[in-house]
Amino acid sequence: MDAALFSFQRVWTLVSGVLAALSALPGLARGSLAGAVWGRAFAELRLAEAAARRAIFAMAAAHDFTPPPPPTALPPADDDPAPRAGRAPGRASAPFSLSDPIRLPRLPNPSVEPALLAPPDGGDAIAHPTAGLQARMDALAAVLADPGLALERYLRLRARPRRHIFSRPAAPRLRPGNPPGFIRARWLDWEMDVLMEIHALAGKAQAASPLVPSPA
21 MDAALFSFQR VWTLVSGVLA ALSALPGLAR GSLAGAVWGR AFAELRLAEA AARRAIFAMA
81 AAHDFTPPPP PTALPPADDD PAPRAGRAPG RASAPFSLSD PIRLPRLPNP SVEPALLAPP
141 DGGDAIAHPT AGLQARMDAL AAVLADPGLA LERYLRLRAR PRRHIFSRPA APRLRPGNPP
201 GFIRARWLDW EMDVLMEIHA LAGKAQAASP LVPSPA
């Protein structure tokens, strides 16, 4: 079996397992979770999202990359009629994010096994709404169901030229350093092995298309 294909299969197994564990949380159906469980659930989801994001980048390595033309030196006029990108009509939620978030909320450190998702005895009794967690789970589940759609979107954004030198590129980006969700204390765990393996493949793919910028 091709090594990259095996890595992709491990990523989707990881994503499927995290989504299944989160979906089984009793509080998810009620719309609220205790603070400690809520934070740890987001931490587990962040790991699965990072692995899926890197799988999309690595899958793009099989596609030829033609750098987009350089932008003009001048910004557009105020009356520039160029349409602005917006959310597609009828879309229920935002699509899965292909870029790593630069700033992440402060979450409890999930330095124990996946059993951490069980409500701790005498834990944080403050309830947190789960609407945001559920929306991100739905977006990740859509990628799991059809990674090809996310890949097509990534390739379109990667090839889109900037409108002028002051505009931000549309190309998705992976932040430098360790991926979101990586926990050094758990580096021997299967989840961390899967994450770092696909992280290495994604890094090679991003290096092959150098005009895909990294965040400052």
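Per this note's numbering, residue 21 is the first one in the sequence shown, and the count goes up by one each step. All residues carry an ideal CB built from backbone N, CA and C; glycine is no exception.
Local conformation of residue i per DSSP, three classes
| i | result |
| --- | --- |
| G150 | Residue 150 is actually Thr in this sequence, not Gly. DSSP places T150 in coil when its eight states are reduced to three. |
| H83 | coil |
| P109 | Interpretation of P109 is limited by its pLDDT of 45, a score under 50 that renders its predicted location unreliable; the figure taken from the coordinates is listed afterwards. Residue state, collapsed to three classes: coil. |
N-terminal and C-terminal residue of the beta strand (DSSP E) that residue i is part of
| i | result |
| --- | --- |
| A54 | 52–54 |
Supposed close pair residue i, residue j - CB separation, criterion 8 Å
| i | j | result |
| --- | --- | --- |
| A225 | T86 | Not quite, the Cβ-Cβ distance comes to about 15 Å (not below 8 Å), so this is no contact. |
| L215 | P196 | At roughly 16 Å, the Cβ-Cβ gap does not stay under 8 Å, so L215 and P196 are not in contact. |
| H184 | S52 | Actually they do not touch by this definition, with Cβ atoms about 45 Å apart. |
| V57 | I218 | In fact, because the Cβ distance is near 27 Å, the residues do not count as touching under 8 Å. |
| L94 | R173 | Incorrect: roughly 29 Å between the Cβ atoms, too far for contact. |
| P115 | A71 | Wrong, their Cβ atoms sit about 17 Å apart, outside the cutoff. |
| P91 | R182 | 4 Å |
| D84 | R193 | Not really, about 20 Å apart at Cβ, beyond 8 Å. |
Bounding residues of the alpha helix (DSSP H) (the contiguous stretch that carries residue i)
| i | result |
| --- | --- |
| L208 | Segment: none, L208 is in no alpha helix (DSSP H) and carries neither H nor E. |
| R173 | 167–179 |
| S119 | It is not in any alpha helix (DSSP H) - S119 carries neither H nor E in the DSSP assignment. |
| T92 | No alpha helix (DSSP H) contains T92, which DSSP labels as neither H nor E. |
| S43 | 23–43 |
Residue i: CB within 8 Å of a non-hydrogen atom of the ligand ADP
| i | result |
| --- | --- |
| P88 | No copy of the ligand ADP occurs in the structure displayed, which carries no ligand at all. |
Practice item. Indicate whether the contact test is met: 3 or more Cβ pairs, each with one atom in the stretch 63–80 and one in the stretch 144–164, closer than 8 Å. Key: yes
Check your understanding: Within the chosen definition, does the stretch 71–90 reach the stretch 157–174 through at least 3 CB pairs nearer than 8 Å?
Key -> yes
Exercise for review: Specify whether the stretch 30–39 and the stretch 209–222 touch according to this definition: at least 3 beta carbon pairs, one from each stretch, less than 8 Å apart.
Suggested key: yes
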